[in-house]
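Novice:
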Amino acid sequence: MSLNAFTARIGRIEISATMAINNEATTLRAQGVDLVDFGAGEPHFATPEHIKQAAVDAIHANFTKYTAVAGTKDLREAVAARHKADFNSNYSFEEAILTVGGKSALFNTFQVLIDHGDEVIIPAPYWVSFKDQVEYCGGKCRFVATSATDGFRLTVAMIEKALTSKTKIILVNSPNNPSGAVVAPEDLAAICKLAAARGIYVLIDECYVYLDYTGRPFSLGSLTEYKDNLLLMGSLSKTYSMTGWRLGFALAPKSVVGQLQKLQSQSTSNPTSIVQKAGLVALTSSQQCVADMRAEYIELRNRIVEGLRAIPNVKCTMPEGAFYAFPDVSAVAAKAGIDTAELTTRLLREGHVVGVPGEAFGLPGHIRFSYATSAKEIDRGLERVKSFFAKL
Ligand SMILES: Cc1ncc(COP(=O)(O)O)c(C=O)c1O
1087 MSLNAFTARI GRIEISATMA INNEATTLRA QGVDLVDFGA GEPHFATPEH IKQAAVDAIH
1147 ANFTKYTAVA GTKDLREAVA ARHKADFNSN YSFEEAILTV GGKSALFNTF QVLIDHGDEV
1207 IIPAPYWVSF KDQVEYCGGK CRFVATSATD GFRLTVAMIE KALTSKTKII LVNSPNNPSG
1267 AVVAPEDLAA ICKLAAARGI YVLIDECYVY LDYTGRPFSL GSLTEYKDNL LLMGSLSKTY
1327 SMTGWRLGFA LAPKSVVGQL QKLQSQSTSN PTSIVQKAGL VALTSSQQCV ADMRAEYIEL
1387 RNRIVEGLRA IPNVKCTMPE GAFYAFPDVS AVAAKAGIDT AELTTRLLRE GHVVGVPGEA
1447 FGLPGHIRFS YATSAKEIDR GLERVKSFFA KL
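Every number in my numbering is 1086 more than the matching position in the sequence shown, counting from 1.
1) Taking the DSSP output, what are the residues bridged to His1452?
2) Would the beta-carbon of Ser1321 be found less than 6 Å away from any heavy atom of ligand 1?
3) Please name the residue in Ile1099, Ile1107, Asp1123 and Ala1164 whose C-alpha comes closest to that of Ser1371.
4) Could you please give me the residues that DSSP links to Ile1208 through a beta bridge?
5) Using 10 angstroms around the beta-carbon of Gln1362, count the other beta-carbons present and answer buried if the total reaches 16, otherwise exposed.
6) Considering just the uninterrupted stretch of the alpha helix (DSSP H) at Ser1321, what are its terminal residues?
7) Going by C-alpha distance, which of Leu1434, His1452 and Phe1447 is nearest Asp1123?
8) Drop a sphere of 10 angstroms on the beta-carbon of Pro1398, count the other beta-carbons inside from all chains shown, and report buried for 16 or more, exposed for fewer.
9) For chain D, check one thing: does any of its Cβ atoms lie closer than 7 Å to the Cβ of Ala1283?
10) Going by the beta-carbon positions, is the gap between Asp1218 and Ile1107 smaller than 7 Å?
11) Shortest alpha-carbon distance to Gln1197 belongs to which of Leu1184, Phe1216 and Ile1208?
12) Along the chain, which unbroken stretches of the beta strand (DSSP E) at least 3 residues long are found entirely within the stretch 1300 to 1384?
13) What three-state label does DSSP hand Ala1182 in the structure shown?
14) Would you mind reading off the limits of the alpha helix (DSSP H) that contains Thr1195?
15) Please determine, among Lys1159, Leu1449 and Glu1469, the residue with the shortest C-alpha to C-alpha distance to Pro1264.
16) Would DSSP call Asn1109 helix, strand or coil?
17) Can you tell me whether Gly1330 is buried or exposed, with buried defined as 16 or more other CB within 10 angstroms of its CB?
18) Quick one: residues in its chain with C-beta nearer than 6 Å to the C-beta of Thr1459, no 5 flanking neighbours on either side, listed in chain order?
19) Within the continuous beta strand (DSSP E) that includes Lys1254, where are the two ends?
20) For Leu1333, is the classification buried or exposed, using 16 other Cβ atoms within 10 angstroms of its Cβ as the cut-off for buried?
21) Please classify Phe1238 as buried or exposed, where buried requires at least 16 other C-beta atoms within 10 Å of its C-beta.
22) DSSP on Gly1423, reduced to helix/strand/coil?
23) Consult DSSP for Tyr1296 and reduce its assignment to one of helix, strand or coil.
24) First and last residue of the beta strand (DSSP E) that includes Val1288?
25) Report the option in Phe1304, Ala1140, Val1418 and Lys1254 whose CA atom is closest to the CA atom of Tyr1294.
26) Leaving out five residues on either side along the sequence, give the residues of the same chain with a beta carbon under 7 Å from the beta carbon of Lys1472.
27) Less than 7 Å between the C-beta atoms of Thr1241 and Asp1273, yes or no?
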């Protein structure tokens, strides 16, 4: 047997497209190129002081040993209590598990529920990891296209058309990465009703649920009648600007949490002990920091969308959440006779602006620009995009 006889499952997935772009950006930066970075999928804010202090205190108190696999009981309770206070959900600590980032809550959930041939319905555009995580388990993705022309609306009728006897999970990500679209509560409720009637799961990725700018933040968890069919994935990464700390969670039926716990006990074990202490403080102290960050994102969103709309041949829907603008640049690409993947690469190499092509999210014709950066950087980037597009 050759040393490089890797498994079939690792051959089914690819390195994330955002990582590939970041690698090229890093190389250019190392050569001294001054880039405007709209590529990053993370907040530009520092982690709030009180959260950092909790981790420092945890180290000094020697809270540095293994904890229970699913996280400490007080943290599991805090996750459930925060969600109840904010969204009127009804979870006990036994229905909560802490994970090493939201990504691992998703990864492990697919691992315990998806077998070879099982299908997962995924609305496009979609966050890059969903597809690879499902395919890693041997599952099959059924994509449902949403479109910028109607604000990326997702309806139950669209989902219904994609259902087959093999469908195990309907996945919804709201607010959506990359489109910023928020699925309307009535559409979400109809999707849950359908799932309950079919005896399948709805997996809702709520990693941006606190970055909802509609003024009517909503969680599927509030529809407690569908609890048995609901897999709710959350993260502290974006809410509290804690991407590097790696703390996420799942709220799900006890039977599912039990399986997640079993898998976690044989893989990562508990999320880092000191991070759990920081997470506990994040969830149980004042939420003003979240409101402050949200207010700033709204200003940045308005600034970038206004600027993008002023560029010839660019159309941009108003994102209702998360921190991405997802303009339609198909007319620019068509004029240059290239696709949006090449347009994004040339924008990086010649225009010195980092974005991620729509191809990575299953919707060519667009580029994702993260506006989690300063107003000054947004202005600099917009100026560069405008002059680069004008030259094509
Ligand atoms: C839609 C979505 N879900 C989940 C995640 C996972 O975040 P983390 O693993 O940092 O909690 C991300 C991160 O970019 C995301 O965009």
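Just so you know, even glycine gets a beta-carbon here, dropped at the ideal spot from N, CA and C.
Specialist: For this structure:
1) His1452 pairs with Asp1414.
2) yes
3) Ala1164
4) Phe1229
5) Counting C-beta atoms within 10 angstroms of its own C-beta, Gln1362 has 16 or more neighbours from the protein chains shown and is therefore classed as buried.
6) Counting along the chain, Ser1321 falls outside any alpha helix (DSSP H), though it belongs to the beta strand (DSSP E) covering Leu1316 to Ser1321.
7) Distances from the alpha-carbon of Asp1123 to those of Leu1434, His1452 and Phe1447 put Leu1434 closest.
8) Per the 10 Å Cβ criterion, exposed.
9) Absence of chain D from the displayed structure is noted, only one protein chain being present.
10) no
11) Phe1216
12) 1316 to 1321 and 1334 to 1337
13) strand
14) Segment Gly1187 to Leu1199, the alpha helix (DSSP H) holding Thr1195.
15) Leu1449
16) Looking at Asn1109 - three-state DSSP - the assignment turns out to be helix.
17) It is exposed - the Cβ of Gly1330 has fewer than 16 other Cβ atoms within 10 Å.
18) Residues of the same chain with a CB within less than 6 Å of the CB of Thr1459, apart from the 5 flanking positions on each side, are His1130 in chain order.
19) Thr1253 to Asn1259
20) buried
21) buried
22) coil
23) coil
24) Tyr1287 to Asp1291
25) Phe1304
26) Ile1397
27) yes
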